[in-house]
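Read through the structure below, which is laid out as structure tokens, and then see the notes.
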Amino acid sequence: QEVVCYESPRPSMGIHRMVFVLFRQLGRQTVYAPGWRQNFNTKDFAELYNLGSPVAAVYFNCQRESGFGGRRR
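Numbering follows the working numbering, with no gaps: position 44 of the sequence shown is 441.
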């Protein structure tokens, strides 16, 4: 069941660092998505919802492709 909707990376320029962090919830609870995800503080979010330590994480870099209309073939 989706709790917080996925927002794909949309870098405007330069290289952006992205991190997905997975927590194991102790039980069912209501989680409110932050209104603004820039400079999101994972530690504060985990403390607010009593999530404990992360069980997994994925880190990657992304950047906008140059030009308009996506990839060239």
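We put the beta carbon where it would ideally sit given N, CA and C, even for glycine.
- Rounded to the nearest whole angstrom, the C-alpha separation of R421 and V452 is 7 Å.
- About 6 Å separates the Cβ atoms of C459 and M415, confirming a contact at the 8 Å cut-off.
- Going by DSSP, A430 is part of no beta strand (DSSP E) at all; its letter is neither H nor E.
- Within its own chain, the residues whose Cβ lies closer than 8 Å to the Cβ of F437, once the five positions on either side in sequence are excluded, are P431, listed in chain order.
- Straight through space, the alpha carbons of R425 and L445 are spaced by roughly 15 Å.
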